[in-house]
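A short worksheet on the structure shown next.
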Ligand code: PEP
């Protein structure tokens, strides 16, 4: 059975104090839910967030990590460093990492393997650019991203993978994929995984949608059968909006 998940990606936002204020509001307002709820504060606030949430079911996850165990990688963070502060889930492949930090499919494949080797869960992000969709290449682009980073993995590790389909044209733009577009792509992703692996792997992987999910559109997107939740950027920075999105699932 795959999990329903709502995750907030806080990107490079909020000081420690502001992080703790937002977490306190979220913890206080968190509705009863069958879904896993996750937040990804920036690195320097992870320890504080873990401490703030010690009595809450909200999980703290990381926005990124390096593929090396340790060494001369100035500014980077390793899997062991995350595990050491009780973070066992990491976002890999966010479109901003791909676009602004030159993270290629080959680099992402190494990061995925490094995280899985440490028994971490990976929330793997991918999605097409606007031009890909306009030229009707979006299915091909998505399939290639998945193939290059994930399809060499053994089926046995797929219980550690969460997928987040995030069309780049919908991230932070206020433009959302329609529920039908999201469902169409999620069904395609699940079928592709079933073809490469089998239906058990495909049916057990959670596939989240990300891209301008808001309280006003979350219910309709989450109602689609292959949409198992959302990765939320901007709206996750406002407690009432994030709580409304959690309620929508
Ligand atoms: C994201 O960055 O993963 C994201 C989905 O952002 P937003 O919700 O702001 O579009």
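In the numbering used here, the protein residues as written are 72 to 320. We treat Cβ as the ideally placed atom computed from N, Cα and C, and that holds for glycine.
query: Mind checking residue 304: buried by the 16 CB within 10 Å criterion, or exposed?
result: buried
- prompt: For the beta strand (DSSP E) that contains residue 168, what are its first and last residues?
  reply: That residue, residue 168, is in no beta strand (DSSP E); its alpha helix (DSSP H) goes 166-172.
field: Sequence-distant residues of its chain with Cβ nearer than 7 Å to residue 147 (five each side left out)
entry: 137
- prompt: Do the segment 147-159 and the segment 125-133 meet, that is, are 3 or more Cβ pairs less than 8 Å apart?
  reply: yes
query: Do the CB positions of residue 289 and residue 253 come within less than 7 Å of each other?
result: no
- request: Out of 197, 164, 276 and 172, point me to the one whose CA is closest to residue 182's CA.
  value: 164
task: State the beta-bridge partners of residue 72 as determined by DSSP.
output: None; residue 72 has no bridge partner.
message: For a minimum of 4 consecutive residues, which ranges assigned as the alpha helix (DSSP H) are wholly contained in the segment 81-117?
response: 87-100
field: In DSSP terms, what residue 192 is bridged to
entry: 160
- request: Would you mind working out which of 89, 245, 196 and 306 sits nearest residue 260, comparing C-alpha positions?
  value: 196
message: Judging by CA-CA distance, which residue of 264, 298, 257 and 166 is the nearest neighbour of residue 106?
response: 298
Reference residue 273, options 205, 249 and 227, closest by Cα: 227
message: For the alpha helix (DSSP H) containing residue 265, name the first residue and the last one.
response: 250-267
- prompt: Between which two residues does the alpha helix (DSSP H) carrying residue 301 extend?
  reply: Unbroken run through residue 301 is the beta strand (DSSP E), 300-303; no alpha helix (DSSP H).
query: Do residue 277 and residue 76 come within 7 Å of each other at the CB atom, strictly closer than that value?
result: yes
- prompt: For the alpha helix (DSSP H) that contains residue 290, what are its first and last residues?
  reply: 286-293
query: Is residue 110 buried or exposed, if buried means 16 or more other CB atoms sit within 10 Å of its CB?
result: buried
query: Taking only runs of the beta strand (DSSP E) that begin and end inside the segment 190-237, which ones reach a length of at least 3 residues, in chain order?
result: 192-197 and 232-236
message: I need the boundaries of the beta strand (DSSP E) containing residue 278, first residue and last residue.
response: 277-281
message: Applying the 10 Å Cβ sphere with the 16-neighbour rule, what's the burial state of residue 88?
response: exposed
task: State the beta-bridge partners of residue 133 as determined by DSSP.
output: 161
- prompt: Under a Cβ-count criterion, where at least 16 other Cβ atoms within 10 Å of its own Cβ denotes burial, should residue 301 be classed as buried or exposed?
  reply: buried
query: Looking at residue 328 and the ligand PEP, is the gap between the Cβ and the nearest heavy atom below 6 Å?
result: The requested residue 328 is not part of the displayed model; the chain covers only 72 to 320.
task: Over the uninterrupted alpha helix (DSSP H) stretch that includes residue 314, give me the two end residues.
output: 310-319
field: Residue interval of the alpha helix (DSSP H) (run including residue 150)
entry: 150-155
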